[in-house]
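Visitor: I'd like to ask some things about the structure below.
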Amino acid sequence: MEELHESLEDVLLFALDDLPGEDFKRFKHKLSFSYLEEKDPIPWSKLKNAHTLDVLRLLLEAYGEQGAQDATIKVLRAINMRDSASRLQKWKYDELGLDRAAVLSKEKHLNTRLQMELQETLWPGDLCPLLLLGLSYAYLDQALVNHTHTPLSPLD
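Just so it is clear: in the sequence shown, position 20 is 20 by full-length UniProt numbering, and no numbers are missing.
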């Protein structure tokens with residue numbers, strides 16, 4: 001018997017259908033705020049009375065496939081639906097052919113390396129203002145890769 005391959009749209013729809021009434025309302029409310037830095041949020045006026053298929057269509061139109069998946073995972077985590085977010089994340093890893101444990105191990109290693117690099121290269125007062133400005137750890141990590149290991153000058 002041939003195995004059915006789930007599309008991203010199917011998986012996103014399952015995740016949305018899995019949300020009970022109040023959680024689905026909370027999902028739509030959170031989605032009306034920007035969850036992808038480079039994209040505008042979906043207006044609440046479009047989400048307010050939308051059903052699951054409508055929300056799926058709005059997600060795909062606003063963010064594209066990959067962005068819709070990323071935004072859905074972020075919003076599910078934000079409304080404390082971590083099981084649904086984990087299932088969607090697992091599907092993403094499986095679809096990409098990645099070993100989840102290896103990815104998490106690499107992420108932990110990178111976070112540890114970043115912390116060590118920050119301690120070695122930044123003055124103690126430099127990190128907090130950078131994080132307050134909203135610079136992500138990934139951005140800081142990339143900056144450190146290109147950094148000459150000379151401590152940054154203190155901010156005035």
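No residue lacks a Cβ here, since even glycine has one placed at the ideal position from N, Cα and C.
Kindly list the residues whose CB is nearer than 7 Å to the CB of F14, restricted to its own chain and excluding five residues on each side of it in sequence; keep chain order.
Guide: Your numbering for residue 14 matches position 14 in the sequence shown. Excluding positions up to five away in sequence, the list is empty.
Visitor: For the segment 36-53 and the segment 79-91, state whether three or more C-beta atom pairs, one from each stretch, are separated by less than 8 Å.
Guide: Verdict: no, contact absent.
Visitor: Cutting at 8 Å between CB atoms, please list the residues of its own chain near L53, excluding the five before and the five after it.
Guide: For this step, residue 53 is matched to residue 53 along the sequence shown. For L53, where only same-chain residues beyond five positions count, the Cβ hits under 8 Å are L13.
Visitor: Does the separation of the CB atoms of P20 and S32 fall below 8 Å?
Guide: As a first step, residue 20 is located in the sequence shown; it is residue number 20 there, counting from the start. As a first step, residue 32 is located in the sequence shown; it is residue number 32 there, counting from the start. It is not a contact, given that the beta carbons lie outside the stated cut-off.
Visitor: Does I73 come out as helix, strand or coil in the three-state DSSP assignment?
Guide: Taking the first residue of the sequence shown as 1, we reach residue 73 at position 73. Three-state result, I73: helix.
Visitor: Contact criterion: CB-CB distance below 8 Å. Does D40 meet it with respect to chain C?
Guide: No chain C appears in this structure, which consists of one protein chain only.
Visitor: Pull up the distance between the alpha-carbon of L98 and that of L60, whole angstroms please.
Guide: For the purposes of this step, residue 98 is identified with residue 98 of the sequence shown, where counting begins at 1. For the purposes of this step, residue 60 is identified with residue 60 of the sequence shown, where counting begins at 1. Reliability of the predicted coordinates at L98 is poor, the pLDDT of 48 falling under 50, and no value is obtained from them.
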